[in-house]
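Here's the structure we're looking at; comments come further down.
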Amino acid sequence: MPVSVLDLAPVLPVVVVEDAADAVPLARALVAGGLPAIEVTLRTPAALDVIRAIAAEVPEAVVGAGTVITPAQVAQSVAAGARFLVSPGWTDVLLAAMRESGVPFLPGVSTVSEVVALLERGVREMKFFPARAAGGTAYLKSLAGPLPQARFCPTGGIGLADAPEYLALPNVGCVGGTWIVPADAVAAGDWGRVETLAREAAALAE
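Going from the sequence shown to my numbering is simple: count from 1 and add 860.
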């Protein structure tokens, strides 16, 4: 696996799964569509079981944990098989736990000061969240001049239509999004639709 989460695929699916039974078919659909990296958010009671199932049964997927906000969640996620970690924000305590985990991580930022603080701590790859609400492509473009060493995965309010605008920026490695895994498709077990959406997203790299 590459050292950088940002280089795994142009789009990082942000997945909220209520039922662990959906984990494996969902992951297989995303991988078949060309998106091997999957961020499973820790927003449901099933999340750790979802990570565990994907890690065990879909080895071609690179499963990670999102919405990581405590050191305990860092430990639980890695124990379940998460191969990367994503947080909506960061503190020194959380950052230390993510560093010690031994897996790649993307701490969340939304201000220049947060970016500079992470650069001071030797972190150059970050999640920009909530992307649209925090200024979108215009904001990220303005950061590229003074802070060219920072690279981002913008997430929050991004869809297929505007993802190319983000990916065209020099400081964006990939974008995160929920549009690839619509809740109604998951509820219906419509994995063919998920694969189609993943294929469309993966094609953005071409």
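We put the CB at the ideal spot given by N, CA and C, even for glycine.
Rounded to the nearest angstrom, the gap between the Cα atoms of V1054 and I898 is 13 Å. Contact between T927 and T901 holds, since their C-beta atoms are separated by about 4 Å, short of 8 Å.
In the three-state scheme derived from DSSP, where H, G and I count as helix and E and B as strand, A956 is classed as helix.
Rounded to whole angstroms, R959 and R943 show a C-alpha spacing of 13 Å.
Unbroken alpha helix (DSSP H) stretches of 4 residues or longer found wholly inside the segment 990 to 1054: 996 to 1004, 1023 to 1027 and 1043 to 1048, given in chain order. Contiguous beta strand (DSSP E) elements confined to the segment 875 to 963 occur at 897 to 901 and 922 to 926, taking only those with 3 or more residues. Judged by DSSP in its simplified three-state form, V983 adopts coil rather than helix or strand. Pairing A1061 with L1003, the inter-Cα distance amounts to about 25 Å. When secondary structure is reduced to three states using DSSP, L966 falls in the strand class. Between the segment 951 to 958 and the segment 996 to 1016 there are fewer than three inter-stretch CB-CB distances shorter than 8 Å, so the stretches are not counted as touching. Around the beta carbon of E985, 16 or more other beta carbons lie within 10 angstroms, which makes this residue buried.
G1036 sits buried, since 16 or more C-beta atoms from the chains shown fall within 10 Å of its C-beta. Of the residues assessed, G962 falls on the exposed side of the cut-off, its CB having fewer than 16 other CB atoms within 10 angstroms.
Taking A1065 as the centre and dropping the five residues before and after it, the same chain places the C-beta of P870 closer than 6 Å to its C-beta, in chain order. Inter-segment contact for the segment 1010 to 1024 and the segment 881 to 894 is absent: fewer than three beta-carbon pairs are separated by less than 8 Å.
Relative to P1008, the option among P1030, E974, P1024 and K987 whose CA is nearest is P1030. The C-beta distance from F988 to F1012 rounds to 4 Å, short enough to fall under 8 Å. With contacts defined as CB atoms closer than 7 Å, R1059 and G941 fail to qualify as a contacting pair. Checking the DSSP bridge columns, you'll see P873 partnered with G1037. Ranking A1063, V1032, E1025 and G1033 by CA distance to the CA of I1040 puts A1063 first.
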